[in-house]
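The opening position of the sequence shown corresponds to residue 263 in the working numbering, with each subsequent residue numbered one higher.
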Amino acid sequence: MLTRGVSLLHDNARTHTAQVLQELLTSFGWDIVTHPPYSHDLAPSDYYFFTKLKEFLGGKRFSNNQEVKEVAERASGGGL
């Protein structure tokens, strides 16, 4: 699911930059984008929206891309 056209933005946590993970993500064909250390461009949404989104999505499983899109649209439209 969602393996084409994905750009993954992550911080520089050790687990995110491990060689084995980088190789796996590259094998998916994903574009990997990292924040520079101590990035000052964090938006308020990084602190509120994504925390609430994580809580909202916690434990959910999806069987196809359409389900992922529908839940993401519901969440971003005030479903949080």
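Note that the Cβ used here is the ideal one computed from N, Cα and C, for glycine as well. None of the values given here were measured: they were computed from a predicted structure.
Task: Closest Cα partner of Phe-318 within the set Ser-325, Gln-328, Gly-339 and Asn-326 - done: As a working note, residue 318 is residue 56 in the sequence shown. Here the closest residue by C-alpha is Gly-339.
Open item on the list: If I follow the unbroken alpha helix (DSSP H) through Val-268, where does it start and stop?
Closed with: Walking along the sequence shown from the start, residue 268 turns up at place 6. Val-268 -> no alpha helix (DSSP H), and no H or E assigned at all.
- [ ] With DSSP as the reference, label Asp-308 as helix, strand or coil.
- [x] Residue numbering aside, residue 308 sits at position 46 when the sequence shown is read from its first letter. In this structure, Asp-308 counts as helix in the three-state DSSP scheme.
TODO: Pull up the distance between the alpha-carbon of Leu-283 and that of Arg-323, whole angstroms please.
DONE: Stepping through the sequence shown from its first residue, residue 283 is reached at position 21. Stepping through the sequence shown from its first residue, residue 323 is reached at position 61. In a straight line, the C-alpha of Leu-283 is about 22 Å away from that of Arg-323.
TODO: Label Gly-341 either buried or exposed according to how many other C-beta atoms from any shown protein chain fall within 10 Å of its C-beta, with 16 as the threshold for buried.
DONE: The residue labelled residue 341 in the question sits at position 79 within the sequence shown. Bear in mind that the predicted position of Gly-341 carries a pLDDT of just 49, short of 50, making it unreliable; the figure below should be weighed with that in mind. Result: exposed.
Open item on the list: By DSSP's criteria, His-272 is part of a beta bridge. Which residues make up the other side?
Closed with: By 1-based counting over the sequence shown, the position of residue 272 is 10. Note: His-272 sits in a beta bridge opposite Thr-296.
Task: Ranges of the alpha helix (DSSP H) found wholly within the stretch 312-341, counting only runs of at least 4 - done: 327-336
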